[in-house]
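Here the structure is laid out as structure tokens; the discussion comes afterwards.
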Amino acid sequence: MMQPVWLSERVQWIGAFDPGMRSFDVILKTPNGTTYNAYAVRGTDGVAVIDTVKAECSEQFFARLEAVARYDEIRVIVLNHLEPDHTGALPELMRRAPQAKLYISQSAQLMLKALLNRGDLDFTSVTTGDTVSLGDRTLRFLHTPYLHWPDTQCTYVEEEYILFSGDVFGCHFCDERLFNDKVGDFRFAFEYYYAHIMRPFREHVLEALTLIDPLPINIIAPTHGPILRDRPLCYVQRYRELSSQRLQSEVDASEKTMVIFYISAYGSTTLMAQAIRDGAESVPGVRASVYDIEGGDADLFVDLVEDADGILIGTPTINGDAVKPAWDVLTSFAKTNVRSKLAGAFGSYGWSGEAVRMVEDRMRGLKMRVPLDGLRIKLIPSEAELEECRQYGRQMGEHLVGINAPRVVDMADLLASKKQAQAEFNAN
Amino acid sequence: MAKAKVTFSDVNVTVNVPVGTRIIEISEAVGSYIAYNCREGDCGVCVFEVVKGQENLSELTKEEKAVLLAHFQEILDGWRATPNLEALQTKMQRENFAGKYCRLACQTQVFGDVTVAPL
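Here the protein sequences come in this chain order: A and B.
Under my numbering, the residue at position 104 of the first sequence is numbered 104, and the numbers go up by one with no gaps.
Add 1000 to a position in the second sequence, counting from 1, and you land on the number used in my numbering.
Listed below in structure tokens is the structure:
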């Protein structure tokens, strides 16, 4: 049970199985647990340990490690990622193998200090191109930051064609058969892991792939889930597909896309959404589209959010709040990177109309750009109010393509109009 | 009262303000993408770029300088830092980041014409 698993004559898996795990990092679900994968690489000049395991699983890790090496043979400890599920056993490992040198990425240095709370740490920071020799085996480092922490890196063993990829290409899936050609179907877990862990960093995924692509690879050994030895490049290819920009509008920088989500109780917010769309569409270079939140669900809309340059949300105010489906769409923004995207809110209301301001505040909290105050219209929009909507859409469109006309205002007028809007808001 | 012009280049709006006005008093009202958290010079979230006219801004206090430096460090260490971290980092190092081209919007007062932008 506590036996190591051989990847090759010189490389062993010495990680831990955690089949009882159901929710990981609070936010991720797994139906059958996860694994913390750690590895040992033996060269003629000593042994390297690549990553460790969660503290609670240390016993498994040390038992497997002891089956493949003595502590005094360990010369090198590589940490591809410092998250506690991979560094939990590190302090004890350092105690048992005090002569071993630590190799971490440059961005990991301060994090390591914060993690171990020790001032006397001795470590070497490495980046792309750096190597460490174990005699007849060589570790080569790849600087692949933000996958999914700033400190992440990959380690490649040149003579074995094995890539120790860290969390990249991993998944939460626990199967003691361990190799991708032996375990149960884990495609869903692989996709789910990408969507929730790597997706917000997809530009960094592509940068990492340019470093990985030139390497001949026989095995990809990630820190969670199955070891990928059967057609490993399929997984690299899948990451490329998932991370690449696919829409013509993304590739063509001359066109900006605006996505207008709305939900409406009696059709007033729908009318606003359509008028805003018409206004935005009148700006050359803007492709605006409306989507009724009621006819989809937040998870389906994540693709739209990820690829849009500007995002508007229309919601009525019901009981002093935006409605839940609108909040669900806003919550799903965290699954991708919306920072600095253009954003705005609008909606019809009966008495008070708080929803628009609340949605705007949330957008600002996500560090989106909200250049114009949101549009609130009492009950059914009149023709004049629909014209206001078209104008709002037009202005948002102009902000999106960066052709908004320069405006000069006096501070007194600016603050007076804000104060008036606030007073109206409070009076309602 | 003496006046100054503050231009927010991200929204293309120029505001005529009495000298001594702080950026925080107007940036949100024009819809500029300068973001705030604590609003009192502690957190460093409202750091912005001085595009033009840095000589027309209030002197840097010791506190503002400290926060700017700390913020710089925080960005470098941050978990989910800015999307163009490397560009920012290079800029910070090359251009004497703390206090010259980057300031805190909640602290900085305007004494003459200036153009500002979110970082």
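Where is the CB? At the ideal position from N, CA and C, for every residue including glycine.
Asked: Check whether the region 1009 to 1019 of chain B touches the region 1058 to 1069 of chain B, counting contact only when three or more Cβ pairs, one atom from each stretch, lie closer than 8 Å.; Found: no
Asked: Quick test of your reading: A:Gly-170 and A:His-224, contact by CB under 8 Å. State the CB separation rounded to the nearest angstrom.; Found: 4 Å
Asked: Quick one: does A:Asp-185 have its CB under 9 Å from some CB of chain B?; Found: no
Asked: Am I right that A:Val-290 and A:Ala-275 are in contact with their C-beta atoms under 8 Å? What's the rounded C-beta distance?; Found: That pair is no contact at about 10 Å.
Asked: Tell me whether A:Phe-333 sits in a helix, a strand or coil according to DSSP, three-state version.; Found: helix
Asked: Comparing the C-beta of A:Asp-321 with each C-beta of chain B, is any distance below 9 Å?; Found: no
Asked: Can you pull the chain A residues whose beta carbon is under 9 Å from the beta carbon of B:Val-1011, in chain order?; Found: Arg-369, Pro-371, Leu-372, His-399, Asn-404, Arg-407
Asked: Could you tell me which of A:Arg-376, A:Ile-318, A:Phe-188, A:Arg-75 sits nearest to A:Leu-139, measuring between CA atoms?; Found: A:Arg-75
Asked: Rounded to the nearest angstrom, how far is the Cβ of A:Leu-163 from that of A:Ile-197, given a contact under 8 Å?; Found: Going by Cβ atoms, the distance from A:Leu-163 to A:Ile-197 rounds to 18 Å, so no, they are not a contact pair.
Asked: Output the boundary residues of the alpha helix (DSSP H) element that contains A:His-399.; Found: 383 to 401
Asked: Just to confirm my understanding: we take A:Val-168, look at its own chain, exclude 5 residues before and 5 after, and list those with CB closer than 6 Å. What are they?; Found: Leu-147
Asked: Three-state secondary structure (DSSP) at A:Pro-222?; Found: strand
Asked: Decide if A:Trp-6 is buried, meaning its Cβ has at least 16 other Cβ atoms within 10 Å, or exposed.; Found: exposed
Asked: Could you say which of B:Gly-1044, B:Gly-1053, B:Glu-1049 lies nearest to B:Glu-1063 if we only look at CA atoms?; Found: B:Gly-1044
Asked: Is it true that the CB of A:Ala-322 sits closer than 9 Å to the CB of A:Ala-343?; Found: no
Asked: Count Cβ pairs between the region 278 to 293 of chain A and the region 344 to 364 of chain A that sit closer than 8 Å; are there 3 or more?; Found: no
Asked: Should A:Leu-114 go down as buried or exposed, given a rule of 16 or more other Cβ atoms within 10 Å for buried?; Found: The question names Leu, yet the displayed sequence has Ala at residue 114 of chain A. Burial call: exposed.
Asked: Quick one: which chain B residues come within Cβ less than 8 Å of A:Arg-364?; Found: Ala-1035
Asked: Taking the C-alpha atoms as reference points, what is the distance between A:Thr-35 and A:His-172?; Found: 7 Å
Asked: Take every Cβ of the region 105 to 121 of chain A, pair it with every Cβ of the region 83 to 92 of chain A, and state whether three or more of those distances are shorter than 8 Å.; Found: yes
Asked: Bridge partners of A:Phe-164, per DSSP?; Found: A:Thr-155, A:Ala-221
Asked: For the putative contact between A:Leu-366 and A:Lys-256, defined by C-beta atoms under 8 Å, what is the C-beta separation to the nearest angstrom?; Found: Contact flag wrong, Cβ pair sits at about 19 Å.
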